[in-house]
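Peer 1:
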Amino acid sequence: MYNIVWLIPLLPLIGFIFLGLVGKKLKSESLIGTIGSATVGISFLIAFLMFLKMLSTPLEAPVIVNVYKWISAGYFSINIAYQIDQLSILYTMIVTGVGFLIHIYSIGYMHGDRGFFRFFAYLNLFIFMMLNLVLANNFLLTFLGWEGVGLSSYLLIGFWYDRKFQGIRIIWTGHAANKAFIMNRIGDFGFLIAMFMIFVNFGTLEYTELHNILVSNTISYQYSSAIGIITILLFLAATGKSAQIPLAVWLPDAMAGPTPVSALIHAATMVTAGIFLVARNSLLFALAPSTMNVIAVIGISTAFFAATIGTVQNGIKKVLAYSTVSQLGFMFAALGVGAYTAAVFHVMMHAFFKGLLFLGAGSVMHGMHNEEDIKKMGGLQKYMPITYKTFYVASLAIAGIPLFAGFFSKDEIMWQTYNHGSAIAWFVLALSAFMTAFYMFRLVNLVFHKEERFDHKHIHPHESPKTMTIPLIILSVLSALGGFLGIPYILGFWFSHNPNFLDNFLEPVFKDANVVLGFSENHQLGGSEYLFMLISVTIALFSIWTAYKWYYYDDKWSVPRKLVLKFKGIYKLLWNKYFVDEVYFTTIVDPLITSSREGLWKFFDVKIIDGLVNGLASITTFFGNQVRKIQTGFAQTYAIVMLAGAIILISWLFFGL
Amino acid sequence: MEIQVLFSLPLIIASFFAVFMPVFDAILKKNKQIIFLFTLLNFLLVIVADIFIFASPEFFTGVLKSGLENSDFGKFLSDAVSLGGYTSFFDLLFAIAGILTLFAAKDYLKKESYELKEFYSLVSFSFAGMLFIAHANNLLILFLGIELMSISFFVLSGFFRNNILSIEASLKYFILGAFATGFLIFGFAMLYGATGSLELKVIAQKISFNQVTPIYFALAIGLIFVGLAFKASTFPFHQWAPDVYTGAPTVVTGFMSTAGKTAAFAAFIVITKAIFLSNLVIDNATVNPPVIAITRNSREILAIIAALTMLVGNITALMQTNVKRMLAFSSVAHAGYILLGIVSNNSNGWSGIVFYAFAYVFMQIGAFVIVSLIEKENGSNLNLSDYNGLSKSHPFLSASMAIFMFSLVGLPPFAGFFGKYYLFLSVIQSGYLWLALVAVIASIISIYFYIGLIINMYFKEKEGEPLTVQCKTSGISIILSLIGVIFLGIFPSLLMNPLLNLFK
Amino acid sequence: MNNIPLEYYIALSGILFTIGTLGVILRRNAIIVFMSLEIMLNSVNLAFISFARYLGDTSGEIFVFFVMAVAAAESAIGLAIILALFRKKQTIYVDEVNVLKH
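Chains as they are written, first to last, in my numbering: chain A, 678 to 1334; chain B, 320 to 823; chain C, 2 to 103.
In structure tokens form, the structure reads like this:
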């Protein structure tokens, strides 16, 4: 069964190649859509069957399926091989499952677009790359997928490249694509160097081999500086892909792409690749406690800052984008304290509810002629009942209302942060959770409730077609019930020894890391855990109540207006996203450009040559008069530079004797 | 057939064609087609000969070396040239570059109405020169190969003899090239004086036994590096390259900046294999005789040169608005990447160089062929903005260009990625982590301008009427380059494994 | 002749080389630049000859013949380039050719 794993990525690849080559000739949208979705759907079925098999006969060690020998150089060999274990199969199911639903949704959403076939080809390409990323058994193949998802995300963000898009120094969608691409490459730099260092230090790039090496020498490797550097570099890569501080700024701009792309790539799958990378190398990270602390701090601060920005934004997708950044911060916070399962759990739940939220937003925009400003919406409840209900469910889930998906996963993260981290960390996360619930219900109220603020003459809101609403309904069921995969011990100990299914399921993947971190498997019943749970539920409810009070029961929104007037500075800061973009541009990008344009070129040819010439005292007059006239473009200037280089080179060798 | 005859076949074929091409030229007065086919035959025969060499059992077993010494002919050859081994891959590389250039040149020269037969003779001369560089086992042969190639390039870059830019390129190249040659052979003279021989085998032996005159030896290495660094266009000896590459006819630029540069690095390999002590010897040295100090220092110097070349090349390329000039600067940067292999001074580094050279030939010539198609008479239509909306009017050209750009950036799964990967890995293995970091930073800088071109092609609209492109034989070059870029990206070990074996 | 040490010859060739180098850098006239390049090459010849003489090895002398042949070929090409330049621009001053820059 497991040895047909290569089919899973192969099918989307076939879809990509087929649609890319003949898609233009296919006139029927439904045919293109069916091909595009079916390849992903079948992949999901295969993954699901493997999952079932894994349930019936638990897997102790990962299964490696060799597909093809990519590099087999004497000192170094890399196979294209897929690693099937609990972690990769879960991720595969998320990618193909949510991916399949979003493909279906796109059939309706992209209806009539002139690039319909291109869109599906790119989506299939993305799925293929993402599957390589998660199924790989070595760093290099993961890196291929890592680059590949970046590339396809680049293509998809810029899909409507000629549309206007509002952003810092960004006018066209194409620029946004560019920004995302470059930000990602900064992270990739870390990945590459980390990969090199792993190879030099351990002589292998395969996950299982690396794991075995580490397991047999945990003591000697703990606190080793090499592992510290490697993990920091890997984490740098993760911050790029998963939009964490300091590389967070690209994600909100990436929303320039079509909404299904935002849902698939920038909410459900690609942005969680960073979490995958850390989870995949859990043992490596566990051996580097200082990196773990960095991850936790970065995760918590990202969760907090992004949430604050989310509370004031007016674009429906903007709010969701910052919400995604913030939720990813939660996941990294969990990773940072060693709660790998909780992080993966939240990845999964987040894929459900955030995918749903984006698709819902897409549905709203679809019915509103691409209007994004929530101030110009309102009262859509009666026009789009299905979208409204599903959106509401997702909002309850992300807010952490009991029994909905987000409650279980977020609560787990917050409890673990307190348990293995500190009370301050918990407190910051709790604040972020408060803001999360607030901005979500602010969104719900402004979009769906109360009076209609849009222009009735031009905009006639309507419910979306079935291809769009059915995925919404499926995802809303998952968002409502998905959390039961990870029931916390204290809520379910009476019916099972360990009611947390996911914890049991993922246990083989993370057990060695847990040993190193000193986490025991024994669960204890503590009063404080109930207390914390109670607190977070109270926070969520209070926050929702605030949002209702300010935006539902108060027609004039007087409280938020007053707050804005009173805290103008803070509001401006939040509205402008802490000016991160501006800071980047003025401190890094602009100097780089001007220094290379004004500095290096002119400096090198004019200043250095002139200076050098003037410095040589005795021949200055003779030399200088000749050379001072000489500017760039003269062969003899070049000859002088060559001579200078030769003199330096030869004297170095001479004095080194 | 005697085995040494088979192994020297590429050299014999190339020399034959180089000598007789002018004769054919004179006999076949007006028939350009046949001259074209003759040149093509030259390259194809070399490739066929190489295939026979690869298939021969002696190729990998290493019997060849002892076999050569046993016969008189073999002895005579082995003093002058080295046969088989990695050199055969250089033959293949130069022949492929020649074929790619040839097909593109036919369209291009016709468009610029310069389709003169001399072009083919000159390409054949330079091809023979490159082969002799790669095969050299003697300073004299190395010198002759370098000169044969360079002098042909001087003429080729001034091939548009009524175009002032082309003449300027030729003049600059000539003056600076001859200047650099002066340094190079002065270095050869010093090396001769330091070791008492012109044969690289003997030189290597003397060095390993520390039987050299240190002052002459240090001078020799310095001067030779200046000469070679010029030919390879590395900082600070690179300044000619952007000007010459911009002024020269575009297909010639493609050929010079790939095959010519690779030949310079072949010379680098030939020289450094002889004069550098192996890393093992250096690391375990307890005493510190001058040869060890010199090897150490020259590697430091090369590392700094490589770092500066990558940075300067990429940063200046960032500022260009002319695509041809941008690619010229980027080619300087690529010289820096390739130099990493020399710095690492081990079999991984050298194989990395050859692999990178293969990748580079495909992606760079491919890109220049497309530039040559877009270009209009007298070197207009070369600006970035002239590529706006190319994806609409010429989807194939723009898609190919995008692939070449991605490969030049070093994105997997294209050939350029593995080229960089092997080189960076080798340089880390030999203890230059900082250099790898610089290399990665430099290649991140390079994303801006490579991707910038893609943005122009895909994300910007063309104003005015769309471009018309005459693409007949050039299409073959582009498709071959595409195949190369993708094939080497998917099956890198097919090339890398034999290389690693051969360099051991 | 054997009374004169090798170093003298090499020093002389070094001086010649430097003169050639400075000539290439400083003279504007392309013809004189070429002559300076020839001086550089001839200084190399001098070095080769003296090394060959002191080592008692003929290969250095053979090298000199090839250097001379190559130098001849180079000057032929160089003059052709100057000719093309003169036809187009009516100048042979190297520093008047600087369209390609920056």
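From the three backbone atoms N, C-alpha and C, an ideal C-beta is built for every residue, glycine too.
Scan the stretch 616-629 of chain B for residues whose Cβ lies nearer than 7 Å to a Cβ of chain A and list them as they occur along the chain.
Peer 2: Answer set for the stretch 616-629 of chain B: N616, S617 and I620.
Peer 1: In angstroms, rounded to a whole number, what distance separates the CA positions of B/F838 and A/N814?
Peer 2: Residue 838 of chain B lies beyond the residue range present for chain B, which begins at 320 and ends at 823; the question has no answer from this structure.
Peer 1: Which residues in the same chain have their Cβ closer than 7 Å to the Cβ of A/S1357, if we skip the five residues on either side of it in sequence?
Peer 2: Since the displayed chain A opens at 678 and closes at 1334, residue 1357 of chain A lies outside it and no answer follows.
Peer 1: Less than 8 Å between C-beta atoms, sequence neighbours within five positions excluded: which residues of the same chain meet that for C/L80?
Peer 2: As a first step, residue 80 of chain C must be located in the third sequence, where it is residue number 79. Here the set comprises F35.
Peer 1: Within a Cβ cutoff of 7 Å, which residues of the same chain sit near A/F1178, ignoring the five residues on either side of it in sequence?
Peer 2: Sequence index remark: in the first sequence, residue 1178 of chain A carries index 501 (1-based). Same-chain partners within the cutoff: L1162 and G1163.
Peer 1: Please confirm whether any heavy atom of the ligand COA lies closer than 7 Å to the CB of A/L1326.
Peer 2: Summarising the ligand content, the structure contains no ligands, and the ligand COA is consequently not present.
Peer 1: Is it buried or exposed for B/K695, if we count other Cβ within 10 angstroms and need 16 for buried?
Peer 2: Position 376 of the second sequence holds residue 695 of chain B. B/K695 should be labelled exposed.
Peer 1: How many whole angstroms separate the CB atoms of B/K499 and B/F444, which I take to be in contact at a CB cut-off of 8 Å?
Peer 2: Here residue 499 of chain B corresponds to residue number 180 of the second sequence, with the count starting at 1. Here residue 444 of chain B corresponds to residue number 125 of the second sequence, with the count starting at 1. It should be noted that the sequence gives Ala, not Lys, for residue 499 of chain B. Contact doesn't hold; Cβ gap of about 19 Å is too wide.
Peer 1: Could you tell me whether the stretch 342-358 of chain B touches the stretch 657-666 of chain B, using the rule of 3 or more Cβ pairs below 8 Å?
Peer 2: Taking 8 Å as the limit for Cβ pairs, the verdict is that the stretch 657-666 of chain B does not touch the stretch 342-358 of chain B.
Peer 1: What residue from B/L428, B/I802, B/M638 and B/N641 has the CA that sits closest to B/A285's CA?
Peer 2: The structure shown does not extend to residue 285 of chain B, since chain B is modelled only from 320 to 823, so the question has no answer here.
Peer 1: Do B/E784 and B/N707 have their C-beta atoms within less than 8 Å of each other?
Peer 2: Residue mapping note: residue 784 of chain B aligns to position 465 of the second sequence, counting from 1. Residue mapping note: residue 707 of chain B aligns to position 388 of the second sequence, counting from 1. The answer is no: Cβ separation not under 8 Å.
Peer 1: Using a Cβ-Cβ distance cut-off of 8 Å, determine whether B/S385 contacts chain C.
Peer 2: By one-based count along the second sequence, residue 385 of chain B stands at place 66. Low per-residue confidence applies at B/S385: pLDDT is 48, beneath 50, and the placement is therefore not dependable, though the value from the model is reported in the following sentence. It does not; no Cβ of chain C falls within 8 Å.
Peer 1: Give me the Cα-Cα distance between B/A560 and B/A625, rounded to the nearest whole angstrom.
Peer 2: Indexing the second sequence from 1 puts residue 560 of chain B at position 241. Indexing the second sequence from 1 puts residue 625 of chain B at position 306. Cα to Cα, B/A560 sits roughly 16 Å from B/A625.
Peer 1: Rounded C-beta distance between B/G496 and B/S469? I'm assuming under 8 Å.
Peer 2: As a first step, residue 496 of chain B must be located in the second sequence, where it is residue number 177. As a first step, residue 469 of chain B must be located in the second sequence, where it is residue number 150. About 5 Å; that satisfies the 8 Å criterion.
Peer 1: With burial defined as no fewer than 16 other Cβ atoms inside 10 Å of the residue's Cβ, what is the status of A/I1327: buried or exposed?
Peer 2: The residue labelled residue 1327 of chain A in the question sits at position 650 within the first sequence. Buried.
Peer 1: Within the continuous alpha helix (DSSP H) that includes B/N616, where are the two ends?
Peer 2: To locate residue 616 of chain B, count along the second sequence from 1; it is residue 297. Its alpha helix (DSSP H) spans residues P609 to L637.
Peer 1: When the Cα atoms are used, what is the spatial distance from B/I494 to A/A1312?
Peer 2: Working through the second sequence from its first residue, we reach residue 494 of chain B at position 175. Working through the first sequence from its first residue, we reach residue 1312 of chain A at position 635. Whole-angstrom Cα-Cα distance: 7 Å.
Peer 1: How many Å lie between B/F556 and A/I870 at the Cα?
Peer 2: On the second sequence, residue 556 of chain B is found 237 positions in, with the first residue counted as 1. On the first sequence, residue 870 of chain A is found 193 positions in, with the first residue counted as 1. Near 29 Å, if we compare the C-alpha coordinates of A/I870 and B/F556.
Peer 1: Starting from A/K1031 and walking both ways along the alpha helix (DSSP H), at which residues does that stretch end?
Peer 2: As a first step, residue 1031 of chain A must be located in the first sequence, where it is residue number 354. Per DSSP, A/K1031 belongs to the alpha helix (DSSP H) from Y1017 to G1044.
Peer 1: What residues in its chain sit with their C-beta under 8 Å from that of A/N970, if we drop five residues either side in the sequence?
Peer 2: The sequence position of residue 970 of chain A within the first sequence is 293, counting from 1. Closer than 8 Å at Cβ, skipping near neighbours: G1013.
Peer 1: Let me see if you follow: with CB-CB separation under 8 Å, is C/L23 close to chain B or not?
Peer 2: As a working mapping, residue 23 of chain C is identified with position 22 in the third sequence. No, its Cβ sits nowhere closer than 8 Å to a Cβ of chain B.
Peer 1: From the DSSP secondary-structure annotation, give me the bridge partner or partners of B/V400.
Peer 2: Position 81 of the second sequence, counting from 1, holds the residue named residue 400 of chain B. Bridge partners of B/V400: B/A455.
Peer 1: Pull the bridge partners of A/D1050 from the DSSP assignment, please.
Peer 2: Counted from its first residue, the first sequence places residue 1050 of chain A at position 373. Beta-bridge pairing links A/D1050 to A/G992.
Peer 1: Within 10 angstroms of its Cβ, does B/G750 collect 16 or more other Cβ (buried), or is it exposed?
Peer 2: Here residue 750 of chain B corresponds to residue number 431 of the second sequence, with the count starting at 1. Exposed, by the Cβ-count rule.
Peer 1: Once the 5 residues before and after A/P739 are set aside, which same chain residues still bring their CB inside 7 Å of it?
Peer 2: As a first step, residue 739 of chain A is located in the first sequence; it is residue number 62 there, counting from the start. Within the same chain, A/P739 has close Cβ partners Q760, I761, D762 and T885.
Peer 1: Give me the chain C residues within the contact set of A/Q1313, using Cβ-Cβ distance strictly less than 9 Å, ordered along the chain.
Peer 2: Working through the first sequence from its first residue, we reach residue 1313 of chain A at position 636. Simply V25, I26, L27, R28, R29, V34, V95 and D96.
Peer 1: With a threshold of 8 Å between beta-carbons, can C/N99 be considered close to chain A, or not?
Peer 2: Taking the third sequence and counting its residues from 1, the one referred to as residue 99 of chain C is at position 98. Cβ-Cβ to chain A under 8 Å: yes for C/N99.
Peer 1: Please go through the same chain and pick out, in chain order, the residues whose beta-carbon is closer than 6 Å to the beta-carbon of A/L1293, but skip the five residues on each side of it.
Peer 2: Here residue 1293 of chain A refers to the residue found at position 616 of the first sequence. A caution first: A/L1293 carries a pLDDT of 33, below 50, which makes its placement in the model unreliable, though a value can still be read off. The answer is none, since no qualifying residue turns up.
Peer 1: Tell me the DSSP secondary structure of B/A604 in three-state form.
Peer 2: Translated into positions along the second sequence, residue 604 of chain B becomes position 285. Residue state, collapsed to three classes: coil.
Peer 1: Per DSSP, what are the beta-bridge partners of A/S733 in this structure?
Peer 2: Looking up residue 733 of chain A in the first sequence gives position 56. A/S733 is not bridged to any residue.
Peer 1: So that I know if they touch, is there some Cβ in chain B lying closer than 8 Å to that of A/K1059?
Peer 2: Translated into positions along the first sequence, residue 1059 of chain A becomes position 382. No, A/K1059 does not count as interfacial toward chain B.
Peer 1: Can you find the residues in the same chain that come closer than 7 Å, C-beta to C-beta, to A/Q1058, ignoring five residues on each side of it along the sequence?
Peer 2: Locating residue 1058 of chain A in the first sequence gives position 381, where the first residue counts as 1. Closer than 7 Å at Cβ, skipping near neighbours: Y1065, F1125 and H1126.
Peer 1: Determine the closest residue to A/S1153 out of A/D1050, A/K1031 and A/A1224, with distance taken between C-alpha atoms.
Peer 2: Indexing the first sequence from 1 puts residue 1153 of chain A at position 476. Out of A/D1050, A/K1031 and A/A1224, A/K1031 has the C-alpha closest to the C-alpha of A/S1153.
Peer 1: Does the stretch 710-724 of chain A come into contact with the stretch 687-697 of chain A, if we say contact requires no fewer than three beta-carbon pairs (one atom in each stretch) closer than 8 Å?
Peer 2: The stretch 710-724 of chain A, when compared against the stretch 687-697 of chain A, does touch it at the 8 Å Cβ threshold.
Peer 1: Taking the beta carbon of B/N828 as the centre, do at least 16 other beta carbons fall within 10 Å, making it buried, or is it exposed?
Peer 2: The structure shown does not extend to residue 828 of chain B, since chain B is modelled only from 320 through 823, so no value can be given for it.
Peer 1: Could you please give the first and the last residue of the uninterrupted alpha helix (DSSP H) stretch that includes B/K351?
Peer 2: Position 32 of the second sequence, counted from the start, is the residue given in the question as residue 351 of chain B. First-last of the alpha helix (DSSP H) with B/K351: K351 to A374.
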